[in-house]
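Written out below as structure tokens is the structure these notes cover.
Protein chains: 2
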Amino acid sequence: MSEIKIVRNTAPKQKPDENNLVFGKYFTDHMFEMDWNQQQGWHDARIVPYGPLELSPACTCLHYGQETFEGMKAYRNPHGEIYLFRPMENFKRLNRSNERLCIPQIDEEFALKALLELIKMDKDWVPHTEGTSLYIRPFVIGTEPSLGAHSSSEYKFLIIMCPVGAYYATGLNPVSIFVENEYVRAVRGGMGFAKTGGNYAASLKAQDVAAEEGFSQVLWLDGVERKYIEEVGAMNVFFVLGDEVVTPALQGSILPGITRKSVIELLSSWGYKVSERRLSVDELLEAYKKGNFTEMFGSGTAAVISPVGLLRYKDIDMKLSDGKIGELSQRLYDELTGIQWGKCPDPFGWTMKVE
Amino acid sequence: MSEIKIVRNTAPKQKPDENNLVFGKYFTDHMFEMDWNQQQGWHDARIVPYGPLELSPACTCLHYGQETFEGMKAYRNPHGEIYLFRPMENFKRLNRSNERLCIPQIDEEFALKALLELIKMDKDWVPHTEGTSLYIRPFVIGTEPSLGAHSSSEYKFLIIMCPVGAYYATGLNPVSIFVENEYVRAVRGGMGFAKTGGNYAASLKAQDVAAEEGFSQVLWLDGVERKYIEEVGAMNVFFVLGDEVVTPALQGSILPGITRKSVIELLSSWGYKVSERRLSVDELLEAYKKGNFTEMFGSGTAAVISPVGLLRYKDIDMKLSDGKIGELSQRLYDELTGIQWGKCPDPFGWTMKVE
Ligand SMILES: Cc1ncc(COP(=O)(O)O)c(C=O)c1O
Ligand SMILES: Cc1ncc(COP(=O)(O)O)c(C=O)c1O
Chain H
1 MSEIKIVRNT APKQKPDENN LVFGKYFTDH MFEMDWNQQQ GWHDARIVPY
51 GPLELSPACT CLHYGQETFE GMKAYRNPHG EIYLFRPMEN FKRLNRSNER
101 LCIPQIDEEF ALKALLELIK MDKDWVPHTE GTSLYIRPFV IGTEPSLGAH
151 SSSEYKFLII MCPVGAYYAT GLNPVSIFVE NEYVRAVRGG MGFAKTGGNY
201 AASLKAQDVA AEEGFSQVLW LDGVERKYIE EVGAMNVFFV LGDEVVTPAL
251 QGSILPGITR KSVIELLSSW GYKVSERRLS VDELLEAYKK GNFTEMFGSG
301 TAAVISPVGL LRYKDIDMKL SDGKIGELSQ RLYDELTGIQ WGKCPDPFGW
351 TMKVE
Chain L
1 MSEIKIVRNT APKQKPDENN LVFGKYFTDH MFEMDWNQQQ GWHDARIVPY
51 GPLELSPACT CLHYGQETFE GMKAYRNPHG EIYLFRPMEN FKRLNRSNER
101 LCIPQIDEEF ALKALLELIK MDKDWVPHTE GTSLYIRPFV IGTEPSLGAH
151 SSSEYKFLII MCPVGAYYAT GLNPVSIFVE NEYVRAVRGG MGFAKTGGNY
201 AASLKAQDVA AEEGFSQVLW LDGVERKYIE EVGAMNVFFV LGDEVVTPAL
251 QGSILPGITR KSVIELLSSW GYKVSERRLS VDELLEAYKK GNFTEMFGSG
301 TAAVISPVGL LRYKDIDMKL SDGKIGELSQ RLYDELTGIQ WGKCPDPFGW
351 TMKVE
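Right under this line is the structure:
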């Protein structure tokens, strides 16, 4: 399993304009692929030209949603070197998702090795322009070519990559968020902590409604009591309540974000009191009334830090940080992106050089 | 959109042995396919040789679980004619699933027309042996070739078909069911009523645990209070409690089964009192102690009626119908399969001939 076969792309594509990168549209010249079956386990690791998959129309992932994925980035520093940000955290999370979805575990060290190899081959695809990066999508799909609602007997693990633009084209910008009251994304006992298709499928409807009303994301409430804050579409959330920074505890229904973890570690190192705990909408409303809820932001790989300028719950609008970028949001954004793009020291050892 | 282009399979496969049909493994010579995009809507309807799909590794269904499906059967009657059972119910349900998953609606009449055409082309694949049938799998997948957790801008609708054996090789047989206490399949506000990958992905883990312990399926409880009965893996459930037949009401978290609907209609026509209502495990335990809970069965396209001989909740074993086939289960099974395989009159007009 230590060998990665390489088939070079003999017809490399023209790279897209770095100043007009649309998220998730332009893929690099190569992808990593390996297969699993009961006899051989994971086998046939290979880097091949990026291109379509041939899948049986009956295959498990197309019917029963047995699929997991990750999202991470490679960044180019001012010296032109390429760095990853906490990549092992992603592969560990992938395995936790795999466990929940009855997908065989992947050798995390080997996955990292494969990723490094792939990035080296497509290194010219890591964009140079300020704020851009290479988005990396490892994913696993059940590929047994037969119907039946049981775990697949065959799988594919792939890594595909695409250069992406700055999330905030015009600089960091506050977003409006809407507390979702009708739809539920995930529930205790479900698979909310896993990065798997079904969780995103369940969210589409609410996201569409929110977008129509001019909101960028919905804030999910817990599925049981529908009063405790969970997370937004693709971000974890933080609230500044007086001298406490609160983020919902990980209780199985939300994704354990790697940016979330980094924010907690950073804030703690700066001397902030960070609480991972239950937080109800009512508590937020109370705090807002008292002038004690002053700042909110989301954390995720895509946007890094996303300041929230407006939070709507039913017909109550909570305006935060004067609708501007909160102080803590800005500081966290600067520090995290500074570390990621190699402009600041990395005291935590979070980054990993792609040799 | 009224034209279906036909590309005949010039290399038809050998048909599998009708006495050894494994569910979901052998597909017929053709499949139906059509595509959707924003400009053209549903277009390019075609029947083509059954074969692999070429999908972008970035396509929506492989990452974000935007996929819906149906399951139905075609039956051969003693005169060799082929019949469908309530097929429009399936296409209507597919559209309800599509609506929840932000997938464009399909013209139900057209889908039926396409299915009839497809069955006619592969009519020799509808098996003749007692208890066998042709399983039909319509499904829709999001196929936009780019990443991003939003509704796909492209879709494929397909119908694939496979001959399947009798569900109970040795005749109707009681199964053992286990009340699931840890995992949750779906919750109010979620997508439990839709036939979509994520619901099945969420179930895999519990099914695996149950299978290891010798149970054939788990019985799901509601995700909020974890005390009300929902359904089992791929069946709705019915309980005979004194002179009342109870089945969980449709409140958004369980699949509205077409067999369930037919059972309710049949039972009512026979003069039974059928209640669609909330039913707690505690009520079941109470009724069992009093000798008032005498029979339980599942209903679904695959098994039609599945008598339950043993229901386990925590460490309490409820033995039902003496571990044999309950009286009502047998009567419903005989009547429903009689109608489906054209051996009994069809007073409800449920069957539809494939001309
Ligand atoms: C549902 C959800 N929550 C939170 C996050 C943030 O996680 P991370 O910081 O690891 O990107 C993401 C995105 O990855 C997500 O999809
Ligand atoms: C979750 C679930 N519940 C119930 C059913 C039964 O529905 P039907 O009777 O329409 O087959 C099925 C199978 O189709 C199912 O997958």
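Just so you know, the sequences run in chain order H and L.
167 is the number that our numbering gives to position 167 of the first sequence; each next residue is one higher, with no gaps.
325 is the number that our numbering gives to position 325 of the second sequence; each next residue is one higher, with no gaps.
Virtual Cβ for every residue (Gly too), placed ideally from N, Cα, C.
{"Asked": "Phenylalanine 334 of chain L to valine 218 of chain L span [Cα, whole Å]", "Found": "Note that residue 334 of chain L is aspartate in the sequence shown here, rather than phenylalanine. Looking at the two C-alpha atoms, the distance is approximately 25 Å."}
{"Asked": "Where leucine 279 of chain L sits in the DSSP three-state scheme", "Found": "coil"}
{"Asked": "Cross-strand partners of phenylalanine 139 of chain H (DSSP beta bridge)", "Found": "H:Phe69, H:Leu158"}
{"Asked": "Nearest to arginine 226 of chain L (by Cα), restricted to the options L:Gly65, L:Leu118, L:Val240, L:Val179", "Found": "L:Val179"}
{"Asked": "Candidates H:Arg277, H:Met296, H:Thr301: closest to serine 262 of chain H by CA position", "Found": "H:Thr301"}
{"Asked": "Proximal residues to valine 308 of chain L (C-beta, below 7 Å), its chain only, five neighbours per side dropped", "Found": "Pro174, Val175, Ile177, Met296, Phe297, Gly298, Leu320"}
{"Asked": "Rounded separation between leucine 55 of chain H and arginine 137 of chain H - CA only", "Found": "19 Å"}
{"Asked": "Cβ neighbour criterion (16 or more within 10 Å) applied to aspartate 29 of chain H", "Found": "buried"}
{"Asked": "Close-in-space but distant-in-sequence residues of the same chain around valine 245 of chain L (CB under 8 Å, 5 per side omitted)", "Found": "Phe238, Phe239, Leu267, Tyr272, Lys273, Val274, Ser275, Leu328"}
{"Asked": "Residues bridged to leucine 221 of chain L (per DSSP)", "Found": "L:Ile229"}
{"Asked": "Under the three-state DSSP convention, the category alanine 45 of chain H falls into", "Found": "strand"}
{"Asked": "Contact list for leucine 94 of chain L against chain H, beta-carbon separation under 9 Å", "Found": "Residues of chain H passing the Cβ test: none, with the nearest at roughly 13 Å."}
{"Asked": "Per-residue contacts from glutamine 66 of chain L into chain H (C-beta, under 9 Å)", "Found": "Gly197, Tyr200, Ala201, Leu204"}
{"Asked": "Cβ-based neighbour list, glycine 65 of chain L, same chain, cut-off 8 Å, excluding 5 preceding and 5 following", "Found": "Thr196, Gly197, Gly198, Ala201"}
{"Asked": "Residues of the region 203–222 of chain L whose Cβ lies closer than 8 Å to any Cβ of chain H, in chain order", "Found": "Ser203, Leu204, Lys205, Gln207, Asp208"}
{"Asked": "Whole-Å CB distance - serine 203 of chain H paired with arginine 188 of chain H, under 8 Å assumed", "Found": "17 Å between Cβ atoms; not a contact."}
{"Asked": "Sequence-distant residues of its chain with Cβ nearer than 8 Å to histidine 43 of chain H (five each side left out)", "Found": "Met1, Met34, Asp35, Trp36, Asn37"}
{"Asked": "Pair within 8 Å by beta-carbon distance, methionine 31 of chain L and isoleucine 119 of chain L", "Found": "no"}
{"Asked": "Contact set, ligand 1 heavy atom to C-beta under 6 Å", "Found": "H:Gly71, H:Glu231, H:Ala234, H:Met235, H:Asn236, H:Leu255, H:Gly257, H:Ile258, H:Thr259, H:Arg260, H:Ser299, H:Gly300, H:Thr301"}
{"Asked": "Proximal chain L residues relative to alanine 234 of chain H, where beta-carbon distance stays under 9 Å", "Found": "Ala149"}
{"Asked": "Distance cut-off 7 Å: lysine 195 of chain L Cβ against heavy atoms of ligand 3", "Found": "Absent from the structure shown: ligand 3. Ligands present: ligand 1 and ligand 2."}
{"Asked": "Within chain L, the residues that leucine 158 of chain H reaches when beta carbons sit closer than 8 Å", "Found": "Pro57"}
{"Asked": "Nearest neighbour of leucine 241 of chain H, chosen from H:Leu279, H:Glu265, H:Glu213 [CA to CA]", "Found": "H:Leu279"}
{"Asked": "8 Å Cβ cutoff met for tyrosine 183 of chain L and valine 354 of chain L", "Found": "no"}
{"Asked": "Cut-off 8 Å between Cβ atoms - residues of its own chain near glycine 252 of chain H, not counting five sequence neighbours on either side", "Found": "Arg188, Gly189, Gly190, Gly192, Phe193"}
{"Asked": "Interface residues of chain L facing glycine 24 of chain H [CB-CB closer than 8 Å]", "Found": "Ala58, Ser146, Leu147, Gly148"}
{"Asked": "Boundaries (first-last residue) of the alpha helix (DSSP H) holding isoleucine 119 of chain H", "Found": "108–121"}
{"Asked": "Nearest candidate by alpha-carbon position, reference valine 22 of chain L, set L:Arg46, L:Tyr135, L:Ile305, L:Pro12", "Found": "L:Tyr135"}
{"Asked": "Three-way DSSP call (helix, strand, coil) for glutamate 3 of chain H in this model", "Found": "coil"}
{"Asked": "Which of helix, strand or coil DSSP assigns to isoleucine 103 of chain H", "Found": "coil"}
{"Asked": "Where isoleucine 258 of chain H falls: helix, strand or coil (DSSP)", "Found": "helix"}
{"Asked": "Member of H:Ala45, H:Glu18, H:Asp124, H:Ile141 whose CA lies at the smallest distance from the CA of proline 57 of chain L", "Found": "H:Ile141"}
{"Asked": "As assigned by DSSP and simplified to three states, the class of valine 237 of chain H", "Found": "strand"}
{"Asked": "DSSP-derived helix/strand/coil call for alanine 74 of chain L", "Found": "strand"}
{"Asked": "Given leucine 94 of chain H as reference, the closest of H:Lys73, H:Phe157, H:Ser146, H:Asp208 once Cα atoms are compared", "Found": "H:Phe157"}
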